[in-house]
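Notes to accompany the following structure.
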Amino acid sequence: MLKEQSKILVTGCTGLIGKVIYDNFLALGFNVAGFCRSQETNKENGVFKVDLSDKSQSQKYLEEVAPNVIIHAAAIIPKTYNSDEAELSAEQNAEIDNNIISYCKATGTRLVFLSSVYMYNRMDSETPLTETAPIVPEGPYLNQKYKSEKHIEELLSNHLILRISSPIGPQVKDHLVFKIFLNNALSGADITIGGDGSRVQDFIYVQDIADSIATLLEKEATGTFNMVHGTSSTMKGLAELIVSSTSSNSKILLDGKADAGAKINNRFSNEKLLSVMGKGGFNLDKSIQEIIAKA
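If you read the sequence shown in the numbering used here, its first letter stands for residue 1, the second for the next number, and so on.
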């Protein structure tokens, strides 16, 4: 995929993942535009304020930008997967996704859809879950993501579906465990972890996501991929790594209470992704150092 042949649109271009994707393609010299909800239109910078749930507004700006690749990172993310907020988010995301998918179907535009690994059945195995693992979406948000995946597979031949684990970066929300640990370490406050600290989670750096998307597009890859680090961290291990990386005096405390989350399998395979990319893997230590430098 040559730069001079491509105009890339990134939806959600001011979000945790979308902003890094947008900036990365700009740095690589591509013709890039971005859609967002959080800032006003600046056509000189190629950024447009668009309500993607509004069909006529979406159509208007999609036709104006006329991309041949859409990286669809826009989504309304609820704080919890099972709540009234999640129901509303799912309804709005369905409208957003349908508008993007319909445009791609009508124009032959290539679509990169950012989805989630958390739709897998994570209760019946301790081995890393591959792209063929059983799907059991928890709650309306993940159920809607899966419906959009199936919609894309049925209607679009030229697509990438990227199931992302837990993204980390400078913009990660303050209520999420990575940012809590990092903020405590930087301030010297103690880090308290539930249970015995054995709960695992897969964290992937947003810059690694952006770089991987660029590589997959260049290789003209299609299909579904786990966009994950591939090596999950225990909560205790993550805290120790952050404390070490920040040279912090923070103490790591275990509350010893029962942790139901310790039974959930948050281990995911990235072998398919790395095989297509021709890459050896991702470095979490280096990623954390880069995030600290930007904090």
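Every residue, glycine too, gets a C-beta built ideally from N, C-alpha and C.
1. Use the C-beta contact count for LEU253: other C-beta atoms within 10 angstroms, 16 or more gives buried, fewer gives exposed.
2. Across which residues does DSSP place ASN82 in a beta bridge pair?
3. Exposed or buried, which one is ILE204 when buried takes at least 16 other CB atoms within 10 Å?
4. Measure the C-alpha to C-alpha separation of SER187 and LEU62 and round it to an integer number of angstroms.
5. Compare the C-alpha of VAL206 against each of PHE30, GLY197, GLN171 and name the closest.
6. Rounded to the nearest angstrom, what separates GLN57 and ALA94 at their Cα positions?
7. Taking only beta-carbon atoms, is ASN270 less than 8 Å away from chain B?
8. Would DSSP call LEU156 helix, strand or coil?
9. Less than 8 Å between the beta carbons of GLY197 and MET235, yes or no?
10. Let me check understanding here. Comparing Cα to Cα, which of SER245, ALA258, LEU241, GLU149 lies closest to GLY195?
11. Which residues share a DSSP beta bridge with GLY261?
12. Determine, using beta carbons only, whether SER233 and VAL243 come nearer to each other than 8 Å.
13. Under the three-state reduction of DSSP, which class applies to CYS36: helix, strand or coil?
14. Exposed or buried, which one is THR11 when buried takes at least 16 other CB atoms within 10 Å?
15. DSSP on PHE181, reduced to helix/strand/coil?
16. DSSP on MET235, reduced to helix/strand/coil?
17. At 3 residues or longer, and completely inside the region 36–79: list those beta strand (DSSP E) runs for me, N to C.
18. Which residues in the same chain as ARG110 place their Cβ atom closer than 6 Å to its Cβ, once the five residues preceding and following it in sequence are excluded?
19. Among the residues of its own chain, which have a CB less than 6 Å from the CB of LYS55, if the five just before and after it don't count?
20. Out of THR14, ILE135, GLY34, which has the shortest C-alpha to C-alpha gap to LYS7?
21. Look at the alpha carbon of GLN289 and the alpha carbon of SER245, and state the distance between them as a whole number of angstroms.
22. Enumerate in chain order the residues of its own chain whose CB-to-CB distance from ALA260 is below 7 Å, with the five nearest sequence positions on each side excluded.
Checking against the coordinates, here is how it stands:
1. exposed
2. DSSP output for ASN82 lists no bridge partner at all.
3. buried
4. 45 Å
5. GLN171
6. 16 Å
7. As a matter of chain content, chain B is missing from the structure shown, which is built from one protein chain.
8. coil
9. yes
10. ALA258
11. For GLY261, which the question treats as bridged, DSSP gives no partner whatsoever.
12. no
13. strand
14. buried
15. helix
16. helix
17. 47–49, 69–72
18. VAL69, ASN158
19. ASN99
20. GLY34
21. 7 Å
22. none
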